[in-house]
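Quick notes on the structure that follows.
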Amino acid sequence: MTEKKNIKKLYLEKIQNLIKFNKAYFEKDNPIVTDEKFDELKKELFEIVKKNPFLKKIKNIEEIVGSSPSNKFKKVKHSKPMLSLSNAFNKEDILDFEKKIKNYLNINSNLELSAEPKIDGISASIRYIDGKMTYGLSRGDGTFGEDITENLSTIGEIPKKIPNTTKIIDVRGEVYISKKDFKNLKDKFANPRNAAGGSLRQKNSKETKKIPLKFFAYGIGDIEPNIFNDQTELLLTLKKWGFPINQYCKKVKSIQEIEKTHSELESIRSNLNYDVDGIVYKVNNLKLQNRLGTTSNSPRWAIAYKFSSVKAISKINEIVIQVGRTGAITPVAKIDPVTVGGVVVSNATLHNEDEISRKDIRVNDTIVIQRAGDVIPQVLSVDKTKRSLKSKKFIFPNKCLCGYETKKETSITTKKVDAVRRCIRGYECNFTAKERLKHLVSKDAFDIEGLGKKVVDNFLKLNLIKTPADIFNLDYKKIEKLDGWGDVSIRNLKNAINNSKNIVLDKFIFSIGIRHIGQENAKTLANFFKKSKKFSELFNSTKRKEILKNLDDLDGIGETQIKSVEDFFSNKKNSEIIQNLINSLTIKDYEKKIKSGKLSNKNIMFTGGFKKMSRSEAKTIAEENGAKILGTVTKKLDYLVIGNSKPTKKKIQIAKDLKINLLTEEKWYDLLDR
Ligand code: IVH
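Start counting the sequence shown at 2; every next residue gets the next number (this note's numbering).
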């Protein structure tokens, strides 16, 4: 055995022990070794990895010790979900963010934004009732947090009492460790963020107290009654009440100010005593925030503009092609492993064919790579002075890994030719099929715990699965014989797979991976079809044509999405695979939760553009007041609201014939008392 293999074997054995000790301590609350022995093993493992960085890729210890999911804390539902933020990496992304907001609100004026450093720590939500700290939760999965009240109480910077101005308030913020304090913890954790997470989730709050945790408040969850008008006022009040607020928070009004703020903070970033990985921009006015609302994962009113993080120099050994679930062909550079911002990197994305020719990237080139956030590092530039005379231009393959020709599509809306080549064979291409399977089992789709990407790879290699339906007809006898699978893990996998068989229509639509149909569009489609039987009519080409004609009216569904649905279902293999999958499942009807309000039991439809808001917002408001939005004019319709700008004449005529109430924009506001 080579030395490398020996080290790997020893490392994996020790990791197994660590997992065992960790489980006993965290999940069973029944330690089988002393704290000293546990810490010793952790330290030893970190030292082995320090000397042999290749091990990090095999198994990352931080994932085991940093934030072990555990049952030791009580799970409590957040009164308002703790969402994540969408990211921006450049000026264009920010302009796009602003444009979307202005379209949604139907405004032209400059937006006032609150700019706040994005602290790289662990978020927490602390509830105060009648001014008294009552409990504190970790973010958890965003819906349920862990009750870490005791540990949060050890943080001196978090006030235990605040003025009794509101009955209930959840103060949200970031728990972190200063860079200075982290110096003493370097042996145990890879970075301050992991150290904060590890400390905050200690079983014994006395252990938490030993590590100097700090806190910055950045917002609120639930509040009753509301006393704030804007984010700046909110931060200033929290400051008055004794919460630490970051000193660099400020108001900005224009893209110029945003860019300036960004570069100013980036330039002093390394001198700050805490890690900051970007700036969060939030619409300052809370009423506007409320109007904008959230998508499934993040608020529409905020964005994290990330710093162009750390760079490193390396060499390209090979350029390979990867196929994504949409058939997109992505070139990836296999590089000499380098450490970038504490993480060993051996792959870098080259984006697409145009990027390679624009930067003239070649095999054997010396390159500068950059890692921003959690995304795969990218090649920034090539050092052409280091290039050998024998070097040849990289010729981009025009075939997919499956051997078939790829295509560059032309966008229906912009008429531009896409920079990305795609394999358009769907499930017929084994490589696209593999990625579709991985998407299908992922968290936002079927969410099958125990069936991660690596397991899917392995099961495919062993021919245990080929298509999605195979997941639900697995031969567990064969799995029993595989390395790493025992009674418990098989039982858990079986349960997870069985539970996932009951899936709601929107999740199902998202899971099957139709291009341009993300979580939001999947919900919109599910709301249109309601039942899986109706959705299955898409398999019939005549019915499909009729259905697709009606989709145009749905928010977010345009020509691009309709063509994509058509392409997906007209492919015979796709249809066969999805029909087989449906036969293995119980797909539950989609039921949009109907709220109660002034428009309860009323069916409404909108046509044309409005003056005061976008149509999307008008629909959201109607739904929030209990109305149901219809897609076609039928007898069931109670009101057709007609906007000033380009209403559809045909809809108005049908509505008149059916004697349906017609409302102008103003009359509709009257109906809502707005
Ligand atoms: S606002 C809806 N403001 O970033 C989410 N988040 O990716 C509202 N964070 O989980 C979050 N500094 O832990 C906000 N000034 C700041 C922040 C901040 C750090 C973290 C937070 C959140 C994550 C979002």
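Here a beta-carbon is modelled for each residue, glycine too, at the ideal position from N, C-alpha and C. Predicted model only: the values in this text are computed from it and were never measured.
Distance from the Cα of glutamate 113 is smallest, within the candidate group Val284, Leu582 and His79, for Val284. About 39 Å separates the beta carbon of isoleucine 212 from that of lysine 92, a gap too long to meet the 8 Å contact definition.
Taking 4 residues as the shortest admissible run, the region 637-670 contains the following complete alpha helix (DSSP H) segments, listed from N- to C-terminal end: 650-658.
With contacts defined by Cβ atoms closer than 7 Å, leucine 659 and lysine 636 form a contacting pair. For isoleucine 563, the enclosing alpha helix (DSSP H) has its first and last residue at 560-571. For asparagine 348, no alpha helix (DSSP H) run applies; the uninterrupted beta strand (DSSP E) run containing it begins and ends at 344-350, by DSSP.
Membership of isoleucine 510 in the alpha helix (DSSP H) is indicated by the continuous run 506-512. For glutamine 257, the uninterrupted alpha helix (DSSP H) segment begins and ends at 256-269. In this structure arginine 194 is in contact with glycine 122, their Cβ atoms being roughly 6 Å apart against a cut-off of 8 Å. Using a cutoff of 6 Å, the CB of glycine 220 counts as near ligand 1, since one of the ligand's heavy atoms is closer than that.
Boundaries of the alpha helix (DSSP H) around isoleucine 472: 469-472. In the three-state scheme derived from DSSP, where H, G and I count as helix and E and B as strand, alanine 628 is classed as coil. At least one heavy atom of ligand 1 lies less than 6 Å from the C-beta of valine 281.
Contact between glycine 627 and lysine 594 does not hold, since the beta-carbon distance rounds to 11 Å and is not under 8 Å. Annotation for glycine 198: the continuous alpha helix (DSSP H) segment containing it runs 193-201. Bridge partners of serine 443 according to DSSP: none are assigned. If you check the C-beta of glutamate 175 against ligand 1, you find a heavy atom less than 6 Å away. The region 187-206 makes contact with the region 146-154, as at least three CB pairs between them are under 8 Å. In this model, tryptophan 302 and lysine 416 are separated by some 30 Å (Cα to Cα). Separation of the CB atoms of glutamate 410 and aspartate 419 is rounded to 5 Å, and the pair is thereby assigned contact status at 8 Å.
The beta carbon of isoleucine 583 sits closer than 6 Å to none of the beta carbons in its chain outside the five residues before and after it. Counting only residues of its own chain and dropping the five nearest sequence neighbours on each side, lysine 544 has a CB closer than 6 Å to the CB of Glu538. Closest in alpha carbon position to phenylalanine 397, among Arg437, Pro378, Ile322 and Phe432, is Ile322. Listed as beta-bridge partners of tyrosine 129 by DSSP are Met134 and Ile170.
In this structure, ligand 1 has no non-hydrogen atom nearer than 6 Å to the beta-carbon of isoleucine 449.
Under the three-state reduction of DSSP output, phenylalanine 47 falls in the helix class. Distances from the CA of isoleucine 449 to each of Asn399, Lys508 and Lys393 were compared; the closest alpha carbon is that of Lys508. In this structure, isoleucine 120 has its beta carbon less than 6 Å from a heavy atom of ligand 1.
At a cut-off of 6 Å, the beta-carbon of glutamate 225 does not count as near ligand 1: no heavy atom of the ligand is closer than that.
Glycine 514 counts as buried, since at least 16 other C-beta atoms from the protein chains shown sit within 10 angstroms of its C-beta. Going by C-alpha positions, lysine 462 is about 17 Å away from alanine 470. Counting only residues of its own chain and dropping the five nearest sequence neighbours on each side, lysine 531 has a CB closer than 7 Å to the CB of Asp590 and Tyr591. Burial is judged here by how many other beta carbons sit within 10 angstroms of a residue's own beta carbon; asparagine 286 has at least 16 and is buried. In its chain, beyond the 5 residues on either side, Ala89, Ile95, His263, Gly279, Ile280 and Tyr282 have a beta carbon closer than 7 Å to the beta carbon of tyrosine 306. In the three-state DSSP reduction, valine 456 falls in the helix class (H, G or I).
DSSP links glutamine 371 through a beta bridge to Lys312 and Gln379.
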